[in-house]
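Report on one structure; see the data block that follows.
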Amino acid sequence: MIRDILENSIKTALWELQIDEAKIPKINLEHPEELSHGDYSCNIAMVLAKKVSQNPRELAEKIVAEILERKPEEISKVEVAGPGFINFYLSPAFFVSQSKEILKAEDKFGRGKIGKGKRVVVEYSSPNIAKPFTIGHLRSTVIGDAIANILGFSGYKVVRDNHLGDWGTQFGKLIVAIKKWSSIAEIQKSKSPIKDLVDLYVKFHDEAEKDVVLEDEARAWFTKLEHKDKEAKKIWEICVKLSMKEFEKIYKRLGVKFDTAYGESFFEDKMKDVIEDVKKLGIAKESEGAYLVFFENDKYPPMMLLKKDGSSIYALRDLAADKFRKKKYGKDAIIINEVGMEQTLHFQQLAETEKLLGYIKGGDRIHVAHGFYRFPEGKMSTRKGNGIWLDEVLDEAIEKAAFFNKATAEVVGVGAIKFNDLKRESSGDIIFNWDEILNLKGDSGPYLQYSYARAKSILRKAKEEKISSMFKFWSSNKASDKREVTELEKMLYRFPEVVERAGEEYSPHFIATYLIELASSFNNFYGNGKIVDKTDSESPYKVVLTEAFSIVLKNGLKLLGISAPLKM
RNA sequence: GCCCUCGUAGUUCAAUGGAUAGAACAGAGCUCUUCUAAGGCUUUGAUGUAGGUUCGAUUCCUGCCGGGGGCACCA
Numbered sequence: 002m003i004r005d006i007l008e009n010s011i012k013t014a015l016w017e018l019q020i021d022e023a024k025i026p027k028i029n030l031e032h033p034e035e036l037s038h039g040d041y042s043c044n045i046a047m048v049l050a051k052k053v054s055q056n057p058r059e060l061a062e063k064i065v066a067e068i069l070e071r072k073p074e075e076i077s078k079v080e081v082a083g084p085g086f087i088n089f090y091l092s093p094a095f096f097v098s099q100s101k102e103i104l105k106a107e108d109k110f111g112r113g114k115i116g117k118g119k120r121v122v123v124e125y126s127s128p129n130i131a132k133p134f135t136i137g138h139l140r141s142t143v144i145g146d147a148i149a150n151i152l153g154f155s156g157y158k159v160v161r162d163n164h165l166g167d168w169g170t171q172f173g174k175l176i177v178a179i180k181k182w183s184s185i186a187e188i189q190k191s192k193s194p195i196k197d198l199v200d201l202y203v204k205f206h207d208e209a210e211k212d213v214v215l216e217d218e219a220r221a222w223f224t225k226l227e228h229k230d231k232e233a234k235k236i237w238e239i240c241v242k243l244s245m246k247e248f249e250k251i252y253k254r255l256g257v258k259f260d261t262a263y264g265e266s267f268f269e270d271k272m273k274d275v276i277e278d279v280k281k282l283g284i285a286k287e288s289e290g291a292y293l294v295f296f297e298n299d300k301y302p303p304m305m306l307l308k309k310d311g312s313s314i315y316a317l318r319d320l321a322a323d324k325f326r327k328k329k330y331g332k333d334a335i336i337i338n339e340v341g342m343e344q345t346l347h348f349q350q351l352a353e354t355e356k357l358l359g360y361i362k363g364g365d366r367i368h369v370a371h372g373f374y375r376f377p378e379g380k381m382s383t384r385k386g387n388g389i390w391l392d393e394v395l396d397e398a399i400e401k402a403a404f405f406n407k408a409t410a411e412v413v414g415v416g417a418i419k420f421n422d423l424k425r426e427s428s429g430d431i432i433f434n435w436d437e438i439l440n441l442k443g444d445s446g447p448y449l450q451y452s453y454a455r456a457k458s459i460l461r462k463a464k465e466e467k468i469s470s471m472f473k474f475w476s477s478n479k480a481s482d483k484r485e486v487t488e489l490e491k492m493l494y495r496f497p498e499v500v501e502r503a504g505e506e507y508s509p510h511f512i513a514t515y516l517i518e519l520a521s522s523f524n525n526f527y528g529n530g531k532i533v534d535k536t537d538s539e540s541p542y543k544v545v546l547t548e549a550f551s552i553v554l555k556n557g558l559k560l561l562g563i564s565a566p567l568k569m
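Residues 2 to 569 in this note's numbering are what the first sequence spells out, letter by letter.
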């Protein structure tokens with residue numbers, strides 16, 4: 002990569018200047034915000050100045066002189082600017098070779114190696130059975146899917162796991178509600194069984210506020226379920242089946258697929274082992290009838306494993322899940338949980354416990370936390386029954402794009418919703434706002450899709466006019482070295498770096514914001530002028546750039562899980 | 001009470017400790033006989049507050065103020 006060339010250039014210069022190697026910090030190359038400040042900028046002179054007691058600008062001048070001694074052909078200009086920045090300008094020839102490389106690599110352009118030989122389990126989406134798939138689950142689904150895509154593109158072997166919430170006291174609650182206010186036969190007959198189940202769940206919480214005994218009944222039923230009670234098991238099975246049918250529909254609409262969907266119930270028979278491990282090490286003890294892990298110096302509050310009635314709690318199931326994963330995918334496998342930030346403490350406790358148990362080392366279990374969708378008035382909650390069902394949002398978005406044909410409207414609507422989620426850093430909350438979610442203009446998914454379709458349309462035209470075949474002639478012409486490099490080119494070659502960073506930081510939004518900038522520089526490049534033009538000697542290269550753009554954008558959209566339509 | 005997060009234009013978001021804090025939407029003004037105007041070009045407008053570290057702070061540290069979340073039988 003070009004970064005390595007520049008880095009070596011600087012290192013050699015420092016070596017020639019006989020600067021003490023121990024004093025040299027990590028070489029930091031960044032893209033100046035202002036394109037006129039060059040393609041890369043390095044602050045090494047300013048960082049180093051004090052350590053070697055020299056004036057930063059003078060030191061920078063010396064470094065530049067050394068670099069120019071052995072200037073690689075990729076660099077056209079190096080200069081000192083501002084307080085002591087060293088700015089690198091890449092040569093027009095470099096950009097031409099980049100464009101060629103993109104065309105050659107196609108859908109492989111941007112693939113990275115940071116994950117080579119490593120395995121990662123990405124747990125995301127994880128909706129709860131018998132609960133609605135609301136807009137709240139959208140974040141985990143969309144962000145987790147993008148992270149899995151990015152890591153896969155970066156060389157990791159990825160396992161996508163949907164950790165279904167198909168076990169726990171909630172089922173006790175549901176069973177109580179069904180038996181009290183409905184029946185399993187009635188639910189099965191219903192046209193909208195999930196809605197009915199949710200209504201029952203909400204009713205349970207309303208009633209439980211008045212009558213605390215209900216909570217105990219619910220726990221009792223869950224205990225029965227854990228003891229394989231036939232009636233409980235039957236109701237549970239039916240609920241799981243009905244829910245899965247609903248979820249499948251949504252995943253299909255969203256274009257999200259999983260490798261595994263073990264769900265919490267899968268670990269029911271694997272918890273005993275964990276309890277044994279815990280007992281062996283003596284890291285948990287009984288308190289008020291329950292069984293909990295206590296942490297040294299009360300680093301964290303205690304984490305419960307078993308309730309006083311002996312039934313399990315999610316923490317124990319999570320431990321079992323991770324033990325299982327490490328066994329199945331190897332002890333070096335990285336585990337990523339894309340789960341809401343309200344569970345941060347839980348995952349800290351979990352990581353600490355797993356370290357004590359020897360299940361993990363440090364750093365191989367990562368909680369990627371996200372804020373949630375909120376109403377201006379407050380949090381959404383299934384218990385209160387005020388969540389917004391994702392299906393409704395999708396329908397609404399598609400309606401808004403109804404001036405397209407049906408298939409395109411679906412693509413655009415889903416793209417708008419996904420992008421709205423991916424364009425921002427995941428840690429913050431999103432205030433639910435129909436207008437923003439369904440935004441089809443500006444910084445949006447449809448803007449990217451539109452730009453892609455536009456590029457494809459130009460390429461169709463170019464093919465008709467056989468413009469691209471003239472490229473060889475153009476690029477062999479040395480005069481092209483004197484041309485002004487376009488903003489679009491200055492964006493295109495950065496894609497691999499962006500992918501790498503997004504992967505390292507588990508942050509798809511770096512890709513999203515980059516793509517907006519990229520598309521905007523393309524549209525700007527296109528402006529109101531023509532790209533396909535036989536009278537313009539640069540037209541062949543413009544077509545090549547358009548194709549390179551379409552490739553990079555398509556690869557980027559794929560990482561975000563957003564479809565790229567050929568026509569709109 | 002303790003812990004975790006987030007405070008950036010009117011609004012929604014950016015900014016690996018760097019240069020003149022970028023976009024988009026909304027507002028004002030242009031721009032379509034064109035390969036796609038869901039486009040392009042002008043323009044107005046922002047770092048919660050008080051300190052500290054640094055050559056340099058939106059970014060790191062501390063206090064305060066505000067929003068959100070968590071802290072034993074939900075997940």
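Even glycine gets a Cβ: it sits at the ideal position worked out from N, Cα and C.
- Residue environment for P26: exposed (fewer than 16 other C-beta atoms within 10 angstroms of its C-beta).
- Under the criterion of beta carbons closer than 8 angstroms, K24 and V53 qualify as touching, at roughly 6 angstroms.
- With a cutoff of 9 angstroms on beta-carbon distance, L558 and L460 are scored as not near each other.
- If you draw a straight line from the Cα of I432 to the Cα of R375, it is about 5 angstroms long.
- The residues Y90, in chain order, have a CB closer than 6 angstroms to that of K78 in the same chain once the five nearest residues on each side in sequence are set aside.
- Residue pairing by DSSP places V81 opposite I87 in a beta bridge.
- Per DSSP, reduced to three states, the secondary structure at K535 is coil, with no helix or strand assignment.
- Collapsing the DSSP output to three states places N129 in a strand.
- Per DSSP, the beta bridge partners of H371 are G341.
- In the three-state DSSP reduction, A291 falls in the strand class (E or B).
- Contact check for I236 against L175 passes: the beta carbons are separated by less than 9 angstroms.
- Within 10 angstroms of the beta-carbon of W222 lie 16 or more other beta-carbons, which makes it buried.
- In the three-state DSSP reduction, R161 falls in the strand class (E or B).
- Distance check between F96 and each of A503, K531 and Y542 places Y542 closest, using alpha-carbon atoms only.
- Excluding residues up to 5 positions away in sequence, nothing lies with its Cβ nearer than 7 angstroms to the Cβ of D436 in the same chain.
- For the region 224 to 274, the full-length alpha helix (DSSP H) segments reaching 4 residues or more read 231 to 255 along the chain.
- In this structure, G388 sits away from G341, with a CB-CB distance that is not shorter than 9 angstroms.
- Per DSSP, L307 is one residue of the beta strand (DSSP E) stretching across M304 to L307.
- Boundaries of the beta strand (DSSP E) harbouring Y41: Y41 to C43, taken from the DSSP string.
- Under the three-state reduction of DSSP output, S313 falls in the strand class.
- The residue among D299, P447 and V177 with its C-alpha nearest the C-alpha of L567 is P447.
- Inclusion of A178 and L152 in the CB contact set at 9 angstroms is not warranted, their separation being larger than that value.
- Contact between P509 and I144 holds, with the beta-carbon distance rounding to 6 angstroms and staying under 8 angstroms.
- Remark: three or more beta-carbon pairs, one from each stretch, lie closer than 8 angstroms, so the region 300 to 307 and the region 351 to 366 are flagged as touching.
- Within the region 383 to 443, no beta strand (DSSP E) run of at least 3 residues lies entirely inside it.
- Between F325 and K271, the CB-CB gap stays under 9 angstroms.
- A residue is called buried once 16 or more other Cβ atoms fall within 10 Å of its Cβ, and E227 is buried on that count.
- Taking C-alpha positions only, N434 is separated from L357 by approximately 44 angstroms.
- In the structure shown, I76 falls within a strand segment according to DSSP collapsed to helix, strand and coil.
- The Cβ neighbour count for P84, taken over all protein chains shown within 10 Å, is under 16; the residue is labelled exposed.
- By alpha-carbon distance to M471, the top candidate from S141, K196, Y157 and D534 is D534.
- Setting aside the 5 residues that flank it on each side, A147 is surrounded in the same chain by L423, P509, I512, L560, L561 and G562, each with a C-beta closer than 8 angstroms to its C-beta; the list follows chain order.
- If you compare the alpha carbons of I251, K242 and L307 with that of E269, the shortest gap goes to L307.
- A distance below 8 angstroms between beta-carbons, with the five flanking residues on each side excluded, links V553 to the following residues of its chain, in chain order: I103, F110, G111, L493, F496 and L519.
- Straight-line measurement puts the Cα of S92 at about 9 angstroms from the Cα of K483.
- Taking 4 residues as the shortest admissible run, the region 161 to 219 contains the following complete alpha helix (DSSP H) segments, listed from N- to C-terminal end: 170 to 182, 185 to 190 and 194 to 211.
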